[in-house]
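J.:
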Amino acid sequence: MIEKLVETVNGWLWSPFLIAFIVCCGLYFSIRTRFLQIRHVKEMIRLVTTGKGSDAGVSSFQALTMSLSGRIGVGNVAGTATGIAYGGPGAVFWMWVITFIGAATAYVESTLAQIYKEEQDGQYRGGPAFYIEKGLGWKWFAVVIAGAIILSMAVLMPGIQANSIADSFSNAFGIPKLVTGIFVIAVLGFTIFGGVKRIAKTAEIVVPFMAVGYLLVAIAIIAANIEKVPDVFGLIFKSAFGADQVFGGILGSAVMWGVKRGLYANEAGQGTGAHPAAAAEVSHPAKQGLVQAFSIYLDVFLVVTATALMILFTNQYNVINEKTKEPIVVNLEGVEPGAGYTQAAVDTLFPGFGSAFIAIALFFFAFTTMYAYYYIAETNLAYLVRSEKRGTAFFALKVIFLAATFYGTVKTATTAWAMGDIGLGIMVWLNLIAILLLFKPAYIALKDYEEQLKQGKDPEFNASKYGIKNATFWENGYTRVDEKKEQAL
């Protein structure tokens, strides 16, 4: 009954209308910003390595790694595999497309988060609820999206991460899921009870380490199968447009699953990446907008692509017609869509190593994603609860989050992914409507940033100069929080 309900709701949310809406929004933002995702790549890279944190905010690099910890997760390993399983190799192409146009969307939502951020309890807070209330003046809408994000981040989506950790550890090491669940919530609890600074520090160390290790294995597998490069890329492009004889009948699924899994991996348009973006200490909102746009390139064009190529170069995948449930290609008997494809791919070059390596990599990917999920849920709870009861509310959120994570270790993978897709779909619908209506301030910030760059300045933002209301942090120009404290003394 529950699984049927989940499937029905999923079908409503992920209709062709949502796919078209996502693509159209991304194209609109790309055209209006004159494809900043191409023009400002060099500036994006420069910004990642500059800037320092403060008492209230993290550095640009820490904000980048916090957002990457949310983006680089199970979706990059198991999600990419399920995209191929139901959309065929052509789904990979549509993951690339939605990421390219989604970079402009990521810029808009992250810049808005910076413009309308505020300082609470010595920390910067921001995100969709904040920019909706301050930018649009729609308190009711802000409350709705804050509640939806808490539901998604704290209840619906942690199960995907926990379930994948439990499954991979069970397959690789024979560890019971119950034991894995206890271990995960113990370590996760230690981190989230430490606050956003501990989350940022953990992400700063773990994310680069786990990504580099994963990419090195992928490069080794591709190098061992280098003669297949023309065939694999030819298969991806032909399948993406229905030109391949085998996969021509699932063109619609290729687009649908490519967009869905690409969006799950890069998070552009969900509003989730806007939360760590708001936490950064920067002198101009556009700086962090550009950094976050670059983060989805790192996520999809490196990690997701690495997963897809490992699977396709080694032919370790099955493809299923989603409508008829009939197999189209069967290369792995008895292996369900998910991380098992990637484990089998690594085993082709490193026999006996694949399951263990992917289990450990997946653990780090999923673990840091859950850190990010909790931080996002807490930020939205901080928006809703501003009284002396906030401490109690935060404690309750931690308990609920850990309970949902533990429950995720025992429920089926199919149900876990379906529930996660519901959470994702709700957030995308609500956030895209908001940032479409609020595009102007983000566009003004970009123009101002570009003008100051041309003048050889290190850009600083003043919201009052452009008549942007309720951007209280920027209304008198930029001053670091620690400098404001020194001036007050």
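Under this note's numbering, think of the first position of the sequence shown as 869, with each following residue one higher. Ideal placement from N, C-alpha and C gives every residue a C-beta, glycine not left out.
#1: Could you spell out where the beta strand (DSSP E) holding residue 1358 opens and where it closes?
#2: Between residue 1110 and residue 1119, how many whole angstroms is the CB-CB distance? I'm expecting something under 8 angstroms.
#3: Bridge partners of residue 1186, per DSSP?
#4: Can you give me the C-alpha to C-alpha distance between residue 1015 and residue 1239, rounded to a whole angstrom?
#5: Quick check on the burial criterion: 16 or more other C-beta atoms within 10 angstroms. Buried or exposed for residue 1363?
#6: Mind checking which residues open and close the beta strand (DSSP E) that includes residue 992?
#7: Along the chain, where does the alpha helix (DSSP H) that runs through residue 914 open and close?
#8: Would you kindly report the start and end of the unbroken alpha helix (DSSP H) that includes residue 1317?
#9: For residue 1339, I'd like the list of residues in its chain whose CB is within less than 8 angstroms of its CB, leaving aside the five on either flank, ordered along the chain.
#10: Roughly how many whole angstroms lie between the Cα atoms of residue 1178 and residue 1253?
#11: My understanding is that residue 941 touches residue 1175, with C-beta atoms under 8 angstroms, so please give their C-beta distance in whole angstroms.
#12: Closer than 6 angstroms by C-beta to residue 1336: which residues in its own chain qualify, once you throw out the five before and the five after it? Chain order, please.
#13: Can you tell me where the alpha helix (DSSP H) with residue 1143 in it begins and where it stops?
#14: Would you list, in sequence order, the uninterrupted beta strand (DSSP E) runs of no fewer than 3 residues that lie entirely inside the stretch 1011-1083?
#15: Look up residue 1346 in the DSSP assignment and say whether it is helix, strand or coil.
#16: Rounded to whole angstroms, how far is the Cβ of residue 1036 from the Cβ of residue 1227, which I believe are closer than 8 angstroms?
#17: So residue 1134 is in the alpha helix (DSSP H); what residue range does that whole segment cover?
#18: Examine the Cβ distances between the stretch 1219-1235 and the stretch 1038-1045 and report whether three or more of them are shorter than 8 angstroms.
#19: Mind checking which residues open and close the alpha helix (DSSP H) that includes residue 1095?
#20: Mapping the DSSP letters down to three states, classify residue 1157 as helix, strand or coil.
#21: Determine the DSSP secondary structure at residue 1328, reduced to helix, strand or coil.
#22: Only counting the same chain, and skipping five residues up and downstream in sequence, which positions put a Cβ closer than 6 angstroms to that of residue 1244?
#23: Using CA atoms only, rank isn't needed, just tell me which of 1328, 1208, 1259 and 979 is closest to residue 1034.
T.: Put simply:
#1: In this structure the chain extends from 869 to 1357, so residue 1358 is not present and cannot be described.
#2: Mapped onto the sequence shown, residue 1110 falls at position 242. Mapped onto the sequence shown, residue 1119 falls at position 251. Their Cβ separation, rounded to whole angstroms, is 4 angstroms, which keeps residue 1110 and residue 1119 in contact under 8 angstroms.
#3: As a working note, residue 1186 is residue 318 in the sequence shown. Partner(s): 1198.
#4: Here residue 1015 corresponds to residue number 147 of the sequence shown, with the count starting at 1. Here residue 1239 corresponds to residue number 371 of the sequence shown, with the count starting at 1. Distance between the alpha carbons of residue 1015 and residue 1239 is about 19 angstroms.
#5: This structure does not reach residue 1363, given that the chain is present from 869 up to 1357, and the question cannot be answered.
#6: In the sequence shown, residue 992 corresponds to position 124, counting from 1. That run of the beta strand (DSSP E) goes 991-993.
#7: The sequence position of residue 914 within the sequence shown is 46, counting from 1. Counting along the chain, the alpha helix (DSSP H) containing residue 914 begins and ends at 909-916.
#8: Position 449 of the sequence shown, counting from 1, holds the residue named residue 1317. 1307-1322 is the extent of the alpha helix (DSSP H) around residue 1317.
#9: In the sequence shown, residue 1339 corresponds to position 471, counting from 1. Excluding positions up to five away in sequence, the list reads 983, 984, 1002, 1309 and 1331.
#10: As a first step, residue 1178 is located in the sequence shown; it is residue number 310 there, counting from the start. As a first step, residue 1253 is located in the sequence shown; it is residue number 385 there, counting from the start. Roughly 46 angstroms separates the two Cα atoms.
#11: Mapped onto the sequence shown, residue 941 falls at position 73. Mapped onto the sequence shown, residue 1175 falls at position 307. In fact, because the Cβ distance is near 12 angstroms, the residues do not count as touching under 8 angstroms.
#12: In the sequence shown, the residue the question calls residue 1336 occupies position 468. Cβ within range, chain order: 1309.
#13: Taking the first residue of the sequence shown as 1, we reach residue 1143 at position 275. Note, residue 1143: alpha helix (DSSP H), 1142-1146.
#14: none
#15: For the purposes of this step, residue 1346 is identified with residue 478 of the sequence shown, where counting begins at 1. Looking at residue 1346 - three-state DSSP - the assignment turns out to be coil, as it is neither helix nor strand.
#16: To locate residue 1036, count along the sequence shown from 1; it is residue 168. To locate residue 1227, count along the sequence shown from 1; it is residue 359. Residue 1036 to residue 1227, Cβ: 4 angstroms. Contact.
#17: Counted from its first residue, the sequence shown places residue 1134 at position 266. Start and end: 1119-1134.
#18: yes
#19: Along the sequence shown, read from residue 1 onward, the residue named residue 1095 stands at position 227. From DSSP, residue 1095 is part of no alpha helix (DSSP H); its letter is neither H nor E.
#20: Your numbering for residue 1157 matches position 289 in the sequence shown. Helix at residue 1157.
#21: Indexing the sequence shown from 1 puts residue 1328 at position 460. In this structure, residue 1328 counts as coil in the three-state DSSP scheme.
#22: Residue mapping note: residue 1244 aligns to position 376 of the sequence shown, counting from 1. The residues are 1021, 1140 and 1143.
#23: Stepping through the sequence shown from its first residue, residue 1034 is reached at position 166. It is 1208.
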